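The opening position of the sequence shown corresponds to residue 1 in full-length UniProt numbering, with each subsequent residue numbered one higher.
Beta carbons are placed, not taken as given, at the ideal position from N, Cα and C, and that holds for glycine.
As the structure is a computational prediction, the values presented were derived from the model and not from experiment.
What follows is a set of notes on a single structure, which appears directly below.
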Amino acid sequence: MRRLAAVFLTLVLGGCGGGDQQEAREPVAPPTPAPATESVTKGVTLSCGRSKVRVPDLPPNLERAGSFARLPALARPLKVRGALWQDGAEQLRVGVVCGVRGAEQFATLVARSRLTAYRGKPALRWNSRGGLRNYMWLERPGTAVYIAATPALASQVRGIAAGIGRPAG
């Protein structure tokens, strides 16, 4: 482990432009931020207190159909904030589960779920009786992100999950 840390430190410091160079460098102006796009402003932001998670725009065929504050599959009562979209009988849910502090607690949150990983973070997958395919990962301590979809919309979950992140600004 020490050897890996030493290699990493050497590479990082080497990329900083070592102290041997005598060239004078002109100051570089910081890049100007790009103007906000409509998709950022149209997206939904869900929060667990101060911790916010941005949900990107969803496909145009889906219409906002309300919100939810409960996940029956959870083994213990936790605060849930979520939004629901639908296209006819097809449903997509995106939410946050608040209060999950660590991976050990997260792993036992849903009975009969499969423990996996998403972006190097602990994740759970399970199917519910209503046909929903459920996915949840621990975004950071205190905040888990939840996505569920009916089978016809399940192929869109990966793209939606990739767009979820902290709000801009």
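Taking Gly99 as the centre and dropping the five residues before and after it, the same chain places the C-beta of Cys48, Leu78, Lys79, Gly142 closer than 8 Å to its C-beta, in chain order. Three or more beta-carbon pairs separated by less than 8 Å link the segment 118-131 to the segment 143-163, which places the two stretches in contact. For Gly82, the uninterrupted beta strand (DSSP E) run begins and ends at 79-87, by DSSP. The beta carbon of Gly43 lies closer than 6 Å to those of Arg54, Val55, Pro56, Asp57 in the same chain, with the five residues before and after it left out.
By the neighbour-count criterion, in which 16 or more other beta carbons inside 10 Å mark a residue as buried, Arg93 falls on the buried side.
Under the criterion of beta carbons closer than 8 Å, Leu74 and Val110 qualify as touching, at roughly 7 Å.
Contact check for Ser51 against Arg119 fails: the beta carbons are separated by 8 Å or more. Under the DSSP definition of a beta bridge, Gly165 partners with Arg54. In the three-state reduction of the DSSP assignment, Pro151 falls in the helix class. Going by beta carbons, Ala65 and Gln86 fall inside the 8 Å limit. DSSP places Ala103 inside the alpha helix (DSSP H), whose first and last residues are 103-107. Counting only the Cα atoms, Ile147 lies some 14 Å from Ser113.
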